[in-house]
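Notes follow the structure.
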Amino acid sequence: MKNIILGLVGAAMTLTAITSCKKLDLKPYDQVDISTGFNTVLDAKYWNSGIYAALRGRVYGSYNVLQEVQGDQLNASIDFGNRNGAPHRWGSFLNNDDFAGIYQGYYSGLSNINVVIKGYEQIQASAGAQTDSLNTYKADARMARAYYFHELVKRFAKAYNPATAASDLGIPLVTEFDLAAKPARATVKATYDQILADLAYAKSLNTKRANIRGARYFTPDAVLALEARVKLDMQDWQGAYDAANTLISSGRYPLYTTAAGLKSYWSIDATQEDIMRINATLAETVNTNAIYLGLNGAAGFFAPDFIPTQTVVDSYDAADFRKGVYFEQKLIRMQGINYPNVWLVNKFPGNPALFTTQYTNYQNSNKIFRIGEVYAIAAEAAANLSQSGNALTALNALRTARGLTALSGLTGTALINEVRAERTRELNFDGFHLFDLKRWGLGFTRGTAQVTAAVQNSTGFTGLTISASDPKFIWGLPTNDIILNPNLVQNPGW
69 MKNIILGLVG AAMTLTAITS CKKLDLKPYD QVDISTGFNT VLDAKYWNSG IYAALRGRVY
129 GSYNVLQEVQ GDQLNASIDF GNRNGAPHRW GSFLNNDDFA GIYQGYYSGL SNINVVIKGY
189 EQIQASAGAQ TDSLNTYKAD ARMARAYYFH ELVKRFAKAY NPATAASDLG IPLVTEFDLA
249 AKPARATVKA TYDQILADLA YAKSLNTKRA NIRGARYFTP DAVLALEARV KLDMQDWQGA
309 YDAANTLISS GRYPLYTTAA GLKSYWSIDA TQEDIMRINA TLAETVNTNA IYLGLNGAAG
369 FFAPDFIPTQ TVVDSYDAAD FRKGVYFEQK LIRMQGINYP NVWLVNKFPG NPALFTTQYT
429 NYQNSNKIFR IGEVYAIAAE AAANLSQSGN ALTALNALRT ARGLTALSGL TGTALINEVR
489 AERTRELNFD GFHLFDLKRW GLGFTRGTAQ VTAAVQNSTG FTGLTISASD PKFIWGLPTN
549 DIILNPNLVQ NPGW
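Just so we're aligned, residue 69 is where the sequence shown starts under this note's numbering, counting upward by one.
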């Protein structure tokens, strides 16, 4: 726990400073002074801003690319320099501390949130607008906690299995700020129960914020989107379908139906499909997924760390708008040799309005919840309920919006397989696929390379086969936390 503890102290000190300099008295280093930091609704507003500032640093970047490079749809280029090499190669190359930054990042965020949740309870708001604002801030804190807990449990615990969730080890459920605590791991069921409780609380209080496209705050629709995502993971098919279908039926986030529209969404940050995102601006930058392009603007070529497999490129029909949006053929140079017309991931190209030179800096608004995922949730949940009509309705809405033809007559396993394939096509490189394989109980063989000479071909690279039972689908807890907290149990295989 040492690294987490250091992070908690630093984060708590940072957020305490937000409440204004006049409140900074000398206090013990390991305490947060609730009595002076939470007096007014204006104080609550400052703390709320801190929650969103922390969230900005915990989306995209390493919080996305680690699971993507670990999966089956990318090949490491011969010039990748072993960046993200350990998760890509699995086996003995991969150790638990390769994920320590993610674990500690989420828990330091949780420490701030737990301080805030406790502090808000002592603020007395006057009736009307002040009470509405305070309730919204309370909802934001619970929603953020639910989001972090869910991101942790899907990485560091088994996938939810209703038959074993009550005994499977989940994550430490840290709901109070206490540097001396050495929490044991809760069960997977207890973890998800806490997530659902936080979501229910957020839903009950988040009643005044408007649902708008491209929202930068947790709206009621954002809470519903996380509920749908969580309940899908829990195999609560009806709950997932109901939450997803409510969002779809609202009509607030229509799918793009042209290549130009979809391109605008991913390149210049158009908002039509965004339920919530982290806005990127010249003043407020965001984490980037920059491993896929590696532009050398002056020389006019690309040198990416990772290249999409031929297999994943071929999974998109020629009529599918996404192929020309998610990928683009580029000239790459590897070890001095040029390879033209190689498909690269172009889903995160950078918004030209945010460039600080003539070349991309890969800055795009980070998408947290978008309607494409919601359609995929509705289709998968309905298919697992054996409601083929509802499943096909959601599936075909997504397919036809992306330029594909509608399907008919599918039921059972054939329908589920098609739904999974469509979900994968829609959400590729958004950070879902590895965790989808895990919850579906599927292993993989890494896809074939587009250009064999341009990628790494030794052990753990091309052709890597991973069984569904491989223990490293479940990430290992950091070494320091295991050493310093005797109540923590490490995941098998680490």
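Even for Gly, the Cβ is constructed at its ideal location relative to N, Cα and C.
Per DSSP, V127 lies in no alpha helix (DSSP H) segment and is marked neither H nor E.
When DSSP states are grouped into helix, strand and coil, Q397 belongs to the strand group. Note on L110: under 16 other CB atoms within 10 angstroms of its CB, so exposed under the neighbour-count rule. T255 sits close to A234, with the two beta carbons spaced by under 8 Å. In terms of Cα proximity to A249, the closest of S179, I170, D304 and A311 is S179. In the three-state scheme derived from DSSP, where H, G and I count as helix and E and B as strand, G528 is classed as coil.
In terms of Cβ geometry, N357 and N132 form a close pair [threshold 8 Å]. For D342, the beta-bridge partners assigned by DSSP are R438. Under a 10 Å Cβ-count criterion, P408 is classified as exposed, with fewer than 16 other Cβ atoms of the shown protein chains found around its own Cβ. In the structure shown, N107 falls within a coil segment according to DSSP collapsed to helix, strand and coil.
Assignment of beta-bridge partners to S145 by DSSP yields V523.
In the three-state DSSP reduction, F423 falls in the coil class, being neither helix nor strand.
Assigned with DSSP and collapsed to three states, R253 falls in strand. For the 8 Å CB-CB criterion, A447 and A459 form a contact. Boundaries of the beta strand (DSSP E) around N406: I405 to V413.
Restricting attention to H218, G531, D310 and F437, the CA atom closest to the CA of Y321 is found in F437. Rounded to the nearest whole angstrom, the C-alpha separation of Y324 and Q198 is 38 Å. If you check the CB distance, I346 and S433 come in under 8 Å. Boundaries of the beta strand (DSSP E) around P240: L237 to P240.
Three or more Cβ pairs drawn from the region 373 to 389 and the region 409 to 421 lie within less than 8 Å of each other, which places the two stretches in contact. Each of T516, E136, A112 and D200 was checked against the Cα of H501, and the nearest Cα belongs to E136. When DSSP states are grouped into helix, strand and coil, N548 belongs to the helix group. Note that the C-beta distance between F389 and A327 is below 8 Å.
Rounded to the nearest angstrom, the gap between the Cα atoms of Y215 and L267 is 9 Å. Per the coordinates, the alpha-carbon of A193 lies some 27 Å from the alpha-carbon of V242. A direct Cα-to-Cα measurement between N429 and G457 gives close to 44 Å.
Following the DSSP letters along the chain, one finds P288 inside the alpha helix (DSSP H) bounded by residues P288 to D301. Here DSSP, grouped into helix, strand and coil, assigns L363 to strand. Note that the C-beta distance between Y205 and K276 is not below 8 Å. Per DSSP, the beta bridge partners of P376 are L142. When DSSP reads this structure, T349 sits in no beta bridge, so it has no partner. Ranked by how close their Cα comes to the Cα of N485, the residues I400, G499 and L510 have L510 in first place. A residue is called buried when at least 16 other Cβ atoms come within 10 angstroms of its Cβ; D382 does not meet this threshold and is exposed. Remark: C-beta atoms of Q262 and F224 do not approach each other more closely than 8 Å.
In the three-state DSSP reduction, T513 falls in the strand class (E or B). The C-beta of Y228 has 16 or more other C-beta atoms within 10 Å across all chains shown, which makes the residue buried.
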